[in-house]
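Asker: Sequential numbering from 39 applies to the sequence shown in this note's numbering.
Every residue, glycine too, gets a C-beta built ideally from N, C-alpha and C.
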Amino acid sequence: DVVVIGDGDKVVKQYPSKGTTVIAGDKVFLLTNSDNYIMPNIINWSRYDVKKLCELIDMEYSFDGYGHVASQSIKEGTKIDSNSKLEILLGNIKAN
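(1) Using only the alpha-carbon positions, how far apart do residue 130 and residue 105 sit?
(2) Going by DSSP, what residue range makes up the beta strand (DSSP E) through residue 102?
(3) Helix, strand or coil: how does DSSP classify residue 134 here?
(4) Compute the Euclidean distance between the alpha carbons of residue 56 and residue 102, then round it to the nearest angstrom.
(5) Classify residue 45 as buried or exposed, calling it buried when 16 or more other Cβ atoms lie within 10 Å of its own Cβ.
(6) State the start and end residues of the unbroken alpha helix (DSSP H) segment that holds residue 66.
(7) Using DSSP with H/G/I as helix, E/B as strand and the rest coil, what is residue 93?
(8) Return the first residue and the last residue of the beta strand (DSSP E) that residue 114 is part of.
And the structure:
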């Protein structure tokens, strides 16, 4: 599951790093050479994946609860940057 951050034409950073073995379904984050970051829909993401996203763009974040993402304070499609602060409510979500 690849998550591209920014709309640049070159990858400048990635997580996990090149050559790392990942499990099917794990997220791979690619940070581009653009600072035009758009908030993705992170509902059902793990706490770990949200933390990696925020760390890559140096965005402040906080969690409340346990489990996977149930709601996010920044709406999907909103422009974000290092001045943004994401508040995440974790909980158990039922699959549709």
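Answerer: According to the structure shown:
(1) Here residue 130 refers to the residue found at position 92 when the sequence shown is read from its first residue. Here residue 105 refers to the residue found at position 67 when the sequence shown is read from its first residue. Each residue's Cα considered, the two are about 6 angstroms apart.
(2) One-based indexing of the sequence shown puts residue 102 at position 64. Residue 102 -> beta strand (DSSP E) spans 98–102.
(3) For the purposes of this step, residue 134 is taken as residue 96 along the sequence shown, with counting starting at 1. No answer about residue 134 holds up, because its pLDDT of 49 lies below 50 and its placement is not dependable.
(4) As a first step, residue 56 is located in the sequence shown; it is residue number 18 there, counting from the start. As a first step, residue 102 is located in the sequence shown; it is residue number 64 there, counting from the start. Taking the Cα positions, residue 56 is about 32 angstroms away from residue 102.
(5) Counting from 1 along the sequence shown, the entry for residue 45 is found at position 7. Exposed.
(6) Within the sequence shown, residue 66 is the residue found at index 28, counting from 1. Unbroken run through residue 66 is the beta strand (DSSP E), 66–70; no alpha helix (DSSP H).
(7) Position 55 of the sequence shown, counted from the first residue, corresponds to residue 93. Helix, per DSSP.
(8) In the sequence shown, the residue the question calls residue 114 occupies position 76. Neither: residue 114 is in no beta strand (DSSP E) and is coded neither H nor E.
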